[in-house]
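Enquirer:
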Amino acid sequence: MRVIVDENLCGTTGQCVLTLPSVFHQREADGIAVVCLATVPEELREAVLLTVSQCPVAAIRIVATAPGEPAVQATGPGRVTSNDGMGADDEAT
Ligand code: SF4
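In structure tokens, the structure reads:
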């Protein structure tokens with residue numbers, strides 16, 4: 001899966017970096033979060049879902065890279081939606 005941070009939304013809180021430093025880091029120049037990995041391993045999906053749900057400005061989303069793989073979009077702090085029809089909130093907790 002691919003993970004994307006919307007740089008225009010990122011509030012530079014650093015929460016995603018604290019939660020999952022193997023995937024996110026903050027640019028030194030402006031504190032914007034960036035994704036370190038071109039492709040994030042599936043075994044990190046639950047941890048990424050946690051960062052999606054924790055982002056206070058809904059700047060993080062998961063992009064499906066394989067057929068049938070759910071894409072996830074944050075809709076606000078603590079809320080995520082998934083296109084798999086099952087809802088991602090349960091997966092993030
Ligand atoms: S949690 Fe959200 S607002 Fe905070 S640094 Fe990460 S992407 Fe930016």
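Numbering (the UniProt record's numbering), first residue to last: 1 to 93. Note that beta-carbon positions come from the ideal geometry of N, C-alpha and C, so glycine has one too. Values in this document were obtained by computation on a predicted structure and should not be read as measured data.
Quick one: what's Ser82 bridged to in DSSP?
Expert: DSSP output for Ser82 lists Val72 as bridge partner(s).
Enquirer: By a C-beta neighbour count over all protein chains shown, 10 Å radius and 16 as the cutoff for buried, is Ser22 buried or exposed?
Expert: exposed
Enquirer: Assuming Pro13 and Pro56 make a contact with CB atoms under 8 Å, what is their CB distance in whole Å?
Expert: At residue 13 the sequence reads Thr, which differs from the Pro that was named. Sure, about 6 Å apart at Cβ, within 8 Å.
Enquirer: On the three-state DSSP scale, how would you describe Val63?
Expert: strand
Enquirer: Measuring straight from C-alpha to C-alpha, what distance separates Ala29 and Val72?
Expert: Looking at the two C-alpha atoms, the distance is approximately 28 Å.
Enquirer: Can you tell me whether Ala33 sits near ligand 1, meaning its C-beta is under 7 Å from at least one heavy atom of the ligand?
Expert: yes
Enquirer: If Phe24 sits next to Thr65, beta carbons under 8 Å apart, how far is it from one beta carbon to the other, in whole angstroms?
Expert: 18 Å between Cβ atoms; not a contact.
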